[in-house]
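Here our numbering is used: the first residue of the sequence shown is 203, the next is one more, and so on.
C-beta atoms are modelled at their ideal positions from N, C-alpha and C, and glycine is treated no differently.
This structure is a prediction, so every number in the text was calculated from the model and none was measured.
Accompanying notes for the structure given below.
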Amino acid sequence: MKKEPDSAIAGQEGNAQPEDWSIEADEQLLEKNYSLIVESVPSGIVMTNHRGQILFVNSLVYKMFGYEPGDLAGETIEVLVPERFRKIHTEFRYSYQASPSTRPMGRGRELFACRKDGTEFPVEIGLNPVQTKTGMVVLSTIVDITDRKLIEKLVREGDEKFRRVMDNTSDAVLVFDASGRVETINRAGLDLFADDGGQINEIWEIITPERRQRFTIQLERVKEGAAIVDQETEMLRKDGGRVPVSISLVYMEQGGGRFIETVRDISARIAMRNKIVELEKAQIVGRMAEGFAHHMGTPLASMLLRVQMLKDDMKEIPECGDIGEKLDSIERQILYGQKVIQRLLRFVSNPQSEKAPENLSEILTESLDMVRPLLRKQSI
């Protein structure tokens, strides 16, 4: 997976860094994590910079659009847009950059993407702005909804192939009437909501209690002509568990009126989004740690050197009271401070590396040593 230099996130060099730590290693770990995240999502993932240039995509995008790995590096996102829409898409992109937010693209409009061979297909696209050190980038999720559109067409036409097509789609599809009675649910829907072999008889069985009133209002609006596309929410499983989903809902007047709801499990999408937030936080902590190490590492080293010099000079002074003991305490605390900086930088480089048992007795001894002068001063 290729990525332009402006998408890399570099750190600042600190003083008290572990021997095996380097900015390059940190960047490689970060890029590896991003790659693992985007490859685990069952949607096409495209990240673009503020110029609309493609920074990277996951392998599903190459498969979806018919490109070979590396073909899209440096291209603008408009290469994936049908030619007749490219000019207006550029204007929409500028408008989005002026007011970025996490939302579905093109509410109320049918969206189409363009393969390398020029063929078009219907899609749903989610937009997610991500702030990085080099500026804002946009993470787009792309879902091919060809099967969904075919199902809607078959429902309108009353085609006998309806059930077969439904069962071959990976999204859950439910067809229900105005009262909420489920007429048809495909295999993916049963797997998602009733994996114990049960049935879904009413749509209300899988609507969370806090969402039922709002869902009733949405049904009325959809019946009047509105459409719900790629709306993120939670739904209930038969076992009482909850699953994050993206829903699309349309109304068909044929056959007395029926709703068709397409439901996609977006657990991986949510996990990806959360992981990216965690990585961004780790970058911030990393820069803070490096800054802390830079500003504190040198003074601590200088203090330690002077304390050790004083201890050497004191060997020539026969009577110095408990000064030696105090210098020993100062030396221990300086060494402890350096140890904290080292551990912090190691944690930033690899958060898993610091998960190990601690010597509680040693921690208590160090803590008592820090407050002992105060205790003596207050006669405690």
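Ser242 to Arg508 span [Cα, whole Å]
In the sequence shown, the residue the question calls residue 242 occupies position 40. In the sequence shown, the residue the question calls residue 508 occupies position 306. Distance between the alpha carbons of Ser242 and Arg508: 54 Å.
Which class does Val340 belong to by DSSP, given the choice of helix, strand or coil?
Numbered from its first residue, the sequence shown carries residue 340 at position 138. Looking at Val340 - three-state DSSP - the assignment turns out to be strand.
When you compare only the Cα positions, how much space is there between Gly400 and Asp467?
Taking the first residue of the sequence shown as 1, we reach residue 400 at position 198. Taking the first residue of the sequence shown as 1, we reach residue 467 at position 265. Cα to Cα, Gly400 sits roughly 19 Å from Asp467.
Nonlocal neighbours in the same chain, by C-beta distance under 8 Å from Gln580, ignoring five residues either side
Numbered from 1 along the sequence shown, position 378 holds the residue referred to as residue 580. Excluding its 5 nearest sequence neighbours in each direction, Gln580 has no C-beta neighbour in its own chain below 8 Å.
Val542 - partner residues in DSSP beta bridges:
Here residue 542 refers to the residue found at position 340 when the sequence shown is read from its first residue. Among the bridge pairs identified by DSSP, Val542 is matched with none.
Where does Arg414 fall in DSSP's three states?
As a working mapping, residue 414 is identified with position 212 in the sequence shown. DSSP places Arg414 in the helix class (H, G or I) of the three-state scheme.
Suppose you measure from the CA of Glu312 to the CA of Val345; what does that come to, to the nearest Å?
To locate residue 312, count along the sequence shown from 1; it is residue 110. To locate residue 345, count along the sequence shown from 1; it is residue 143. Their backbone Cα atoms lie some 13 Å apart in a straight line.
Using only CA atoms, which one of Arg423, Arg317, Leu392, Ile430 lies nearest to Lys265?
Counted from its first residue, the sequence shown places residue 265 at position 63. Residue nearest to Lys265 within the set Arg423, Arg317, Leu392, Ile430 is Arg317 (criterion: CA-CA distance).
Over what stretch of residues does the beta strand (DSSP E) that includes Ser450 continue unbroken?
For the purposes of this step, residue 450 is taken as the residue at position 248 of the sequence shown. Membership of Ser450 in the beta strand (DSSP E) is indicated by the continuous run 444 to 454.
Give the single residue among Ala429, Arg475, Lys425 whose Cα lies nearest to the Cα of Pro446.
Locating residue 446 in the sequence shown gives position 244, where the first residue counts as 1. The shortest C-alpha separation from Pro446 is found at Arg475.
Sheet register partners of Pro331 (DSSP bridge):
Within the sequence shown, numbered from 1, the residue matching residue 331 stands at position 129. Per DSSP, Val340.
Unbroken beta strand (DSSP E) run spanning Glu436, endpoints
Here residue 436 is taken as the residue at index 234 of the sequence shown, counted from 1. Note, Glu436: beta strand (DSSP E), 430 to 438.
Measuring alpha carbon to alpha carbon, tell me which of Arg534, Ile543, Arg548 ends up nearest Glu564.
Indexing the sequence shown from 1 puts residue 564 at position 362. The candidate whose alpha carbon is nearest that of Glu564 is Arg534.
Go to Glu463, then tell me how far its beta strand (DSSP E) extends in each direction, as first and last residue.
Start at 1 with the first residue of the sequence shown, and residue 463 comes out as number 261. Unbroken beta strand (DSSP E) run through Glu463: 460 to 467.
Would you call the CB atoms of Ser450 and Arg366 closer than 8 Å?
Sequence index remark: in the sequence shown, residue 450 carries index 248 (1-based). Sequence index remark: in the sequence shown, residue 366 carries index 164 (1-based). The beta carbons of Ser450 and Arg366 sit no closer together than 8 Å.
Just tell me which of Ala315, Leu352, Leu392, Ala484 has its CA closest to the CA of Gly268.
Here residue 268 refers to the residue found at position 66 when the sequence shown is read from its first residue. It is Ala315 whose Cα lies nearest to the Cα of Gly268.
Name the DSSP bridge partner or partners of Glu326?
Taking the sequence shown and counting its residues from 1, one reaches residue 326 at position 124. Glu326 pairs with Val345.
Indicate whether the contact test is met: 3 or more Cβ pairs, each with one atom in the segment 432 to 440 and one in the segment 405 to 419, closer than 8 Å.
At 8 Å Cβ cutoff, the stretches touch.
Measuring straight from C-alpha to C-alpha, what distance separates Gly254 and Glu354?
For the purposes of this step, residue 254 is taken as the residue at position 52 of the sequence shown. For the purposes of this step, residue 354 is taken as the residue at position 152 of the sequence shown. Within the model, the alpha-carbon separation for Gly254 versus Glu354 is close to 33 Å.
Among residues of its own chain, excluding the 5 on either side of Thr348, which ones have a beta-carbon nearer than 7 Å to its beta-carbon?
Along the sequence shown, read from residue 1 onward, the residue named residue 348 stands at position 146. These residues qualify, in order along the chain: Phe323, Pro324.
Helix, strand or coil for Met249, going by three-state DSSP, please let me know.
Sequence index remark: in the sequence shown, residue 249 carries index 47 (1-based). In the structure shown, Met249 sits in a strand (DSSP, three-state: E or B).
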